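Trainee:
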Amino acid sequence: MNQTILITGGAGFIGSHLADRLIKDGNKIIVLDNLVTGRTANIEHLLKVPGFKFVNHNVSEFISIEEDLDWVMHFASPASPVDFKKLAIPILKVGSLGTHNALGLAREKNAKFFLASTSEVYGDPLVHPQPESYFGNVNPIGPRAVYDESKRFAEAITMAYYREHNIDTRIIRIFNTYGPRMRVDDGRVVCSFLSQALAGKDITVFGDGSQTRSFQYVDDLIEGIVRLMSVDFHEPVNLGNPHEFTMLELADKIQAIVSSSCQLKFEALTEDDPKRRKPDISRAKQLLDWQPKIELEQGLEMSIDYFKSLQQA
Ligand code: UDP
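For the sequence shown, this note's numbering assigns the number -17 to the initial residue and increments by one for each residue that follows.
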């Protein structure tokens, strides 16, 4: 490809996998990250690779870059429900000010712009599965609103820059994604259940465990992202695995894979926790000839060594 691509949040879980793939495809990569939830360990192996550069910068502040750029890919944001309380204002800022700055940079450099949005824009959905045409059911003042509303704003400003400034934009809505490089304190369910099962601790199921999610292995997501970069399409595209599980089913699967017989410990459900979530991926299938290839058991197997290494750290 031989392009120069700036990735905000490129030291994070998804951003660093994206950096790996785009470097492998022959591009130059500049990662901008303030390491609030990203980690240098995720990109350490890239630091000596020619064509890779890391800049420690908070993208909610003005971004100044010397290099010419072909793409600005905006992946910076804390994204776990445990962050929504701890990092409420940084999340609101990076989705709003950060997106504005990243779009401004794309405009200045005459670069294309790629926004990582989220299934959280659908809130606690009343339509199932969720197609991109669904406007969502979001509580604008609840604890999840800091993430949901800033990403909704991010989509709105991205579409405005596309319409007003003719920036060549892409938007993806990422559904629950897991894999190596998730933070040890990430708090999201695959991370929590796997870590608990490996440590022989009780598995903390929130509510009665009947709520559902659909889990995508990170490599499938990265493939969808790369495919969308070469398609001329500006409206949002769902990227997720449509195979839906209850949290009780997930706990069972993880116990089977880890060969653990931990107890389930039921804890209170957090406010506005979506009851069901499953992507309608018809658009991605048609547009990108893409669908996830890695099912949950296989993806968990592929992640387990990483989660074991977290136990030892
Ligand atoms: N969950 C759980 N136990 C945990 C962490 C999460 O039962 O230790 C549940 C949570 O209530 C939610 C689902 O798992 O229904 C997915 O939560 P996660 O934090 O992974 O992300 P979300 O999809 O809510 O953004």
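Beta carbons are placed, not taken as given, at the ideal position from N, Cα and C, and that holds for glycine.
Source: prediction; values computed, not measured.
Specify the secondary structure class of I149 as computed by DSSP and reduced to three states.
Mentor: Correct three-state label for I149: coil.
Trainee: May I ask whether a heavy atom of the ligand UDP can be found less than 7 Å away from the beta carbon of D52?
Mentor: No, the beta carbon of D52 sits no closer than 7 Å to any heavy atom of the ligand UDP.
Trainee: Taking DSSP's pairing of strands, which residues face D15 in a bridge?
Mentor: In DSSP, D15 forms a bridge with N38.
Trainee: For the beta strand (DSSP E) containing M55, list its first residue and its last residue.
Mentor: It spans 53 to 56 - the beta strand (DSSP E) in which M55 sits, taken as one unbroken run.
Trainee: Nearest CA to the CA of G118: which residue from S59, D130, H82?
Mentor: Answer by Cα proximity: D130.
Trainee: Given 7 Å as the limit, tell me if M229 has its C-beta closer than that to any heavy atom belonging to the ligand UDP.
Mentor: Correct: M229 has its Cβ closer than 7 Å to the ligand UDP.
Trainee: Could you give the DSSP three-state label for N220: helix, strand or coil?
Mentor: Residue state, collapsed to three classes: strand.
Trainee: Between the region 43 to 56 and the region -14 to -6, are three or more C-beta pairs nearer than 8 Å?
Mentor: Verdict: yes, contact present.
Trainee: CB of Q193 to nearest heavy atom of the ligand UDP: below 7 Å?
Mentor: Checking the Cβ of Q193 against the ligand UDP gives yes.
Trainee: Got a sec, what are the start and stop residues for the alpha helix (DSSP H) L(-12) sits in?
Mentor: It is not in any alpha helix (DSSP H) - L(-12) instead sits in the beta strand (DSSP E) that spans -14 to -10.
Trainee: Would you call the region 213 to 231 and the region 81 to 96 in contact, with 3 or more CB pairs under 8 Å?
Mentor: Judged by Cβ distances under 8 Å, the region 213 to 231 makes no contact with the region 81 to 96, as fewer than three pairs qualify.
Trainee: Does the Cβ of D190 lie closer than 7 Å to at least one heavy atom of the ligand UDP?
Mentor: Incorrect: D190 has no Cβ contact closer than 7 Å to the ligand UDP.
Trainee: Candidates G(-3), V37, L0: which alpha carbon is nearest E48's?
Mentor: It is V37 whose Cα lies nearest to the Cα of E48.
Trainee: If you draw a straight line from the alpha carbon of S99 to that of D50, how long is it in whole angstroms?
Mentor: Each residue's Cα considered, the two are about 25 Å apart.
Trainee: Can you name, in chain order, every residue of its own chain whose Cβ lies under 6 Å from the Cβ of S242, other than the five neighbours on each side?
Mentor: Taken in chain order, the residues that qualify are A179.
Trainee: Any heavy atom of the ligand UDP closer than 7 Å to the Cβ of G222?
Mentor: No.
Trainee: Please determine, among L246, P125, L203, the residue with the shortest C-alpha to C-alpha distance to G182.
Mentor: When only C-alpha atoms are compared, the closest one is L246.
Trainee: Applying the criterion that 16 or more other CB atoms from any shown protein chain within 10 Å of the CB defines a buried residue, is S342 buried or exposed?
Mentor: It is not possible to answer for residue 342, since the shown part of the chain is limited to -17 through 295.
Trainee: Are the CB atoms of P63 and T252 within a distance shorter than 8 Å?
Mentor: The answer is yes: Cβ separation under 8 Å.
Trainee: Looking at the ligand UDP, does it come within less than 7 Å of G206, judged from the CB to the closest heavy atom?
Mentor: No; taking the cut-off as 7 Å, the Cβ of G206 has no heavy atom of the ligand UDP nearer than that.
Trainee: The alpha helix (DSSP H) that contains T81, what's its start and end?
Mentor: Residues 70 to 91.
Trainee: If you drop the 5 nearest sequence neighbours on each side, which residues of the same chain put their C-beta closer than 7 Å to that of I139?
Mentor: Cβ within range, chain order: T81, H82, L85.
Trainee: Let me check you understand the geometry: is the CB of P256 closer than 7 Å to at least one non-hydrogen atom of the ligand UDP?
Mentor: Yes, Cβ of P256 sits closer than 7 Å to a heavy atom of the ligand UDP.
Trainee: So, helix, strand or coil for I154, using DSSP?
Mentor: In this structure, I154 counts as strand in the three-state DSSP scheme.
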